[in-house]
Every structure is written in structure tokens, then in C-alpha cells.
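Residue numbers (full-length UniProt numbering), protein chains in the order written: chain A, 1 to 318; chain B, 1 to 318.
Glycine included, C-beta positions come from ideal geometry on N, C-alpha and C.
Computed from a predicted structure; not experimentally measured.
Notes follow the structure.
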């Protein structure tokens, strides 16, 4: 795929993505009436619970305070974070580590910069004791209330609370599944035709990779891509929803690294517009060079890996 | 000023700000022709100079590597950063410390999140040996090339390279003045009527505060404010310029804390739309509650100060 083709494809994705706002709104049954009010909510430091063990430098936190009576859990948790983040952090803004995934939160958009997962045949194995229906979407109280998204922000917006770390990737323990329901792990996604369809296909595709590869590393996040308007200039434009002005990303990315059983590494990189996508469109249509995503997201993915040492990128030999 | 009034004022600022894009373009003599090309620039790690002493955790850096032959400069520099940042860091993403100001860089927009300065009657005193004309706008090579803004991004865009830390605040040494010309300290600003006029008035106002207050702390940065469109929904929309897609902020803020000689603290907080502003409009028209800026920017300003312990906010007793 030449650079020019890639560029054209991205511009097409970008343009179509904005049409997506229109197609997405047919889902909207109720107008957002509370919006844009930065002012009326008081500076309620009282409701911000700065949990012990949470802030490191104010921006790096652990999801769960380590209980004093279980010293071993610290070791377990740290080593799991080390496994998940084996190939580097894409960025270090407001990092939050959960038991089975790691997240970086963007306080301006109220949507994560990135969410990092490590999948193996074991971690995605179905466990009958884990019930997704028991999980509730819940605000993340480790985030200052000024920057915290709430269920009320999504209500009536027409957008789904779309998982970045998929619930289906974390079913070894109920706690792991529960933790994917923090609103820090959600982004406003078009429901029918995207979150419930093509995006879900991509999530299932990533899980299926564990049949072939013993280790799969997956980084997921939002993009806010520019689009050329009639005046010939490029603009970034995205909707914000709810009283906390949660950003509706124009696109979402997934960058995946697969380890083969003989230690080779392959990478795949996808960008999907946040809109209804035809079911017939193959996922490979959404493959883009990882550099494209890095430039747009302001992040460096898998930076501990020299890209020219990878065996394959997007199915092609490097 | 009631919350409602503040809100109305902010919405007005926001609306007007978008008109500003139109009024701003009369300055534009040449269309931006290179744009949106995330792809064609190669992943040129070679041109990224990771200087010794620069990255701490990959995102916190010192502007100048400390020369081995001057061990005292480390002490001086660290203590100056401590002075400047006395009342807390607004955020910790990609922090970069220069000799006389501190900056946090947003790799996605290619514009700083915030720039922090400490002004005293001494630091702003005119020094005949310091010549602004000797300073050149220069790319900041401590930033990875994927996220670095260049002079070519601004060329022909119709926007000024607007200083966030004002050059006029740093004239004790030529080096201090020089360092304000790194492009990490620049944002695309409307020239006539804004950067060269009302924004400049605000900068001069901040300097003048040192006549009354022995210590003045000033935090400056961009905002990307949402605006309600005809469909009743709120959208964030901003132009991006050049091949690196440098964001054109819709607004800029300044949050200032002044120490009185008897140790009292006062705060002022301004938001100006990035557009031509009538010369007659008094600066006080642009005062907003600091919380408003915090929510919009995703930052907490002067968080070591309890806001209810301040003597005054925006000229009014707290």
C-alpha cells in the first residue's frame, strides 16, 4: 500500500466519519438539554476521594488501593501491569492501572487517551462464574469531579457507552469484568452499525488472534481527526455530550502486537470511523500504518519494539 | 457576578470566537496547501535528538542539558523551577523546564497545555544587553518529530506564532529571551486585533502587576471551547495548520496569582477568544471564574492554594 493510497483512505475515513454524526443521530430519541455548563457545578473538592495509594506524581494511579492485610497483592498487581505494558507506555498522562488492563485518561476530553490489554488463550477463556450482567457502568471516583464523566452525560445523547478495553477480554474473575465498566474505560460510540456491529467484530477478531498467538497486546483509543471543509482548510470537529462535555471521538484505533510461539512479533493497526459501517466491509479495509495513528493521537505505540524488526505489519512482511 | 451571567458571557465569547476564524482569515494571503499529511513523513527517529538529561519517565525534561563543567547551574535551575512552580503543577503531561519558565506540551495538538512564569520587579527589568531582535523562532528538538511544530506549519497560515510565555517577561539574560522563541512556546494566534493588540495588552497588564505585587505567578494556555450549532448540539471545532496539523486554539487563558508584600494572595483569571477584539473592550470583560478554565482545560491551577483562602478573585473579596 503506497503512502498516497493510505493518505486517500484516511481522508475518506475522515470524511465519512463526519457523515457518521448525521447517520448516528437517528438513534437519538431525546435532545441533550443540559450541556456546556462548566460553571454551575461548584468546585466540590469534597466529593473527590483521593484514595491512599492512588496518585503518584498526581497523575499515575493504581485502580485499587492495596489492602494492608494482603501484602502479596501488590506484587501480583505490579507484575501483571509489567506484563500488560511489556512493550512500553504510549504516553504517561494520568495513567491508571486496573487488575487486568491499564489506561491513560484525558482530562480535557473526559475520554481515555489509550487503554492497554494483554490477551492470552487463558485470560479470555470463558468462566461460568463471571457474569457480565452483574456489571454496572460506574463513574471513576479516582478522577477529579471536574473531569469525571457520568452516566447522566450519556443518557439521551444517542451514543452508547462503548468499552475501550472490551468486557469480553476480561472474564477470568468477576472483578476483572467489573473493572471494565468504569466510565474511564468508556467512550461515546455510535451504537447500531458500530459499537454493536463492526467494532464488536474487531474486538472478536482480536480475541480470536489468541488461537494462533500465545500473547496478544492490544492498545485501543479515540481519535479526533481533521477534515477538509469547503473553505479548503482543515478542521477538527467533534460533538461533546452531557453536562461534563464528554467528547465524541470521530474515530477509534486499535494497535495490536502478536507474539508467535517462536518469539516473532507481528503488528496490526486499525482506524474505524465512529459511525454506522456496512457489515460487508472487511476489517482489512480499516488497516492503516501505525505511524498514521501515532501522529494523530500524539502517542508512540510499542516504542520498545524497533518497527523494522517486526516480522509483519498489517499482514505484510516488513 | 452570578453563575448564570458568567455562563452567558462564556457562551458569547465562545460564539464570537468562531466568528474570529472568519475575521482572522483576512490576514491570510496564501492558502495552506500542505496539510493533513500524517503519512508521508517517515518515522524518522534519526532526527529525534534524545539529549542527555532530557527525559525523566519519558515525559518530563529539562530544556538544557546541564554542562559537566558547571555543577552549580543544576542547583540554580532546580531552585528556579521550584520558585516558578511554587503553587503546584496544573498537569504533568510532557513537562519541560526552561531557565525562566516551565511548560507542558500537548503532543496531539502540537500546542502547549500550559506555560508557567514567575515575575518579579527584577525579572522583568529592562536589560540593554538583551535584544529580542537576536531571537529566532526555532523548532524544539526535544519533542519527537511526529509531534513537533515547525516554522513551515505557520507559514502562509494567516496566523501569528504567538508567545505563551511572553518574550517581554524574560529579559534578564539573552538566554532567557531566546528560550521563549522555541515553537513549543508558540500557538497560532490571530495577529492584528489579538496577538499584536488585546492579548499584548493583557501581557503588559501582567507585567505591570509587579509594580504593586513583589511576586506574580502566571499560567497561560490554549482552550478548545465547545459551541452550540444550529442542530442544538455542542461541538468543539478548531482549525489545524501546516503539515503537522498544529491546532488553532479557539481561546486562550491566563490565570494569575499575586502575592502582596504582607503575604496575602489574590487571583485573576482571563479567557480571550482567538480573534480580533475591539480595542475599547476592557480586560475585565474577559474575567471568568478560574473553575471555568479548569473544567475546559482539564487542568487544576494553583492547586496548592485553597481557593477560599485567597484574599480576592478577579478583584472581588472571596
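Take the alpha-carbon of residue 92 of chain A and the one of residue 113 of chain A: they are about 10 Å apart.
Secondary structure note for residue 218 of chain A: it is in no alpha helix (DSSP H), and the uninterrupted beta strand (DSSP E) holding it is 215-223. If you draw a straight line from the Cα of residue 284 of chain A to the Cα of residue 208 of chain A, it comes to about 15 Å. In this structure, the beta-carbon distance from residue 147 of chain A to residue 298 of chain B falls below 7 Å.
Taking C-beta atoms under 8 Å as the contact rule, residue 163 of chain A and residue 186 of chain A qualify, at a distance of about 7 Å.
For residue 182 of chain B, the closest Cβ of chain A is not nearer than 7 Å. C-alpha of residue 224 of chain A to C-alpha of residue 267 of chain B: approximately 34 Å in a straight line.
Within a 10 Å sphere around the beta-carbon of residue 94 of chain B sit 16 or more other beta-carbons, which makes this residue buried.
Fewer than three Cβ pairs drawn from the segment 262-278 of chain A and the segment 177-184 of chain A lie within less than 8 Å of each other, which leaves the two stretches out of contact.
Comparing alpha-carbon positions, the option among B:253, B:258, B:305 and B:279 lying closest to residue 292 of chain B turns out to be B:253. Chain A places no beta carbon closer than 7 Å to that of residue 116 of chain B, leaving this residue out of the contacts. One thing to note: residue 276 of chain B has its Cβ within 7 Å of the Cβ of residue 193 of chain B.
Straight-line spacing of the CA atoms in residue 309 of chain A and residue 318 of chain A works out to 8 Å.
Approximately 17 Å separates the beta-carbon atoms of residue 137 of chain B and residue 248 of chain B; this is outside 8 Å, ruling out the contact. Chain B places a beta carbon closer than 7 Å to that of residue 147 of chain A, counting this residue as a contact.
If the five residues before and after residue 166 of chain B are omitted, its C-beta is found closer than 6 Å to the C-beta atoms of 203, all from its own chain and listed in chain order.
Here the alpha carbon of residue 214 of chain A sits roughly 7 Å from the alpha carbon of residue 121 of chain A. The beta carbon of residue 128 of chain B sits closer than 6 Å to no other beta carbon from its chain once the five residues preceding and following it are set aside. Neighbours of residue 239 of chain B in chain A, taken as residues at a C-beta separation under 7 Å, are given in chain order as 233, 234 and 235. Boundaries of the beta strand (DSSP E) harbouring residue 272 of chain A: 265-273, taken from the DSSP string. Across the structure, residue 228 of chain B and residue 237 of chain B are spaced so that their CA atoms are roughly 11 Å apart. With respect to chain A, the C-beta atom of residue 93 of chain B has a partner C-beta closer than 7 Å. Residue 80 of chain A and residue 304 of chain B have their C-alpha atoms roughly 34 Å apart. Chain-order list of chain A residues neighbouring residue 106 of chain B: 298, by C-beta distance under 8 Å. Residue pairing by DSSP places residue 186 of chain A opposite A:163 in a beta bridge.
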